[in-house]
DNA sequence: TATTGTTATACTCTATAACTATA
DNA sequence: TATAGTTATAGAGTATAACAATA
């Protein structure tokens, strides 16, 4: 399913517009990932490896359990998209790095995930600024 | 993990704002669902059952395979949140209906999913209108 | 024959608990 | 003893292929 998050009978027009946008974004992300043989979670992790990351950092950023990250990274590693290297400063810790193959595949995925780019392209510079302001204000302290 | 969809190194401020918003929305949805013992997919299906739906309609709306819907609905049914009824007009088809228990639980979930409501509440009426206009325009033909 | 839905299967995501290695 | 990460396990989401029931 493209979008686990379903409509919540949004009661206002603004809430409905937010939902529709999130829904479309999530679906587009999943489709782009699968076109490259990636699950959304794999694409997500790969995207965070522009610089090396510890397992614990990934778990923290993704808001999930470390054991989960272990599995996702193991699958990436088995396909030569990422590697685990022991951190010499603290041999308990591992640095996860993207392989060249992983970087190349991720670049293709990014190119293919046209949603946000296309969405922005429908707005002129002033409208984009307005949207940024409104989205940030709407988020407020929700983040 | 709250949000399978990760950041895609958004190259513009607008793209980053879109991502941050989607990310926060998805995480909030998942947390609200899990507070009521629901997976995001279960909450999503439950939300679509304000009126009876055929399996094929649910699969179409969710953009996933029918066999997937069979499983989700089976889990809802096993917890007395939904029921499958043979459609007398076409006995191949089933009408999925929410039980009273399912409706009640979903109402609680909805109440608890405060994200969109809170986001909208940070904007005044004019700003909400602006946001709707911009989001719809950004979506353009992407939907 | 075509359609609706299910079953069997396999893979991925996810968390919890118990574990290993290192600090 | 505390921390980083892994392993074992189990439940859920997902798709494909084969199937049953009905049209």
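Chains as they are written, first to last, in this note's numbering: chain A, 1 to 143; chain B, 144 to 286.
Cβ atoms here follow ideal geometry from the backbone N, Cα and C, with glycine treated the same way.
Of the residues assessed, residue 183 of chain B falls on the buried side of the cut-off, its CB having 16 or more other CB atoms within 10 angstroms.
When secondary structure is reduced to three states using DSSP, residue 238 of chain B falls in the strand class.
Annotated three-state conformation of residue 197 of chain B is strand, per DSSP. Taking 7 angstroms as the threshold, the shortest C-beta distance from residue 55 of chain A to chain B does not fall below it. The three-state secondary structure of residue 85 of chain A, taken from DSSP, is strand. Counting only runs that start and end inside the segment 148-182 of chain B, the alpha helix (DSSP H) elements of at least 4 residues fall at 156-178.
Below 8 angstroms, too few C-beta pairs join the segment 49-65 of chain A and the segment 203-213 of chain B to call them touching: fewer than three. Judged by beta-carbon spacing, residue 224 of chain B lies beyond the 7 angstroms limit of residue 190 of chain B, meaning their Cβ atoms are not closer than that value. Proximity of the segment 265-282 of chain B to the segment 11-30 of chain A meets the contact definition, three or more beta-carbon pairs being nearer than 8 angstroms. Not a single CB atom of chain A sits nearer than 7 angstroms to the CB of residue 209 of chain B.
Residue 243 of chain B sits in a helix when the DSSP states are folded into three classes.
When DSSP states are grouped into helix, strand and coil, residue 49 of chain A belongs to the helix group. Against chain A, the CB of residue 245 of chain B has no partner CB under 7 angstroms away; the residue lies outside that interface.
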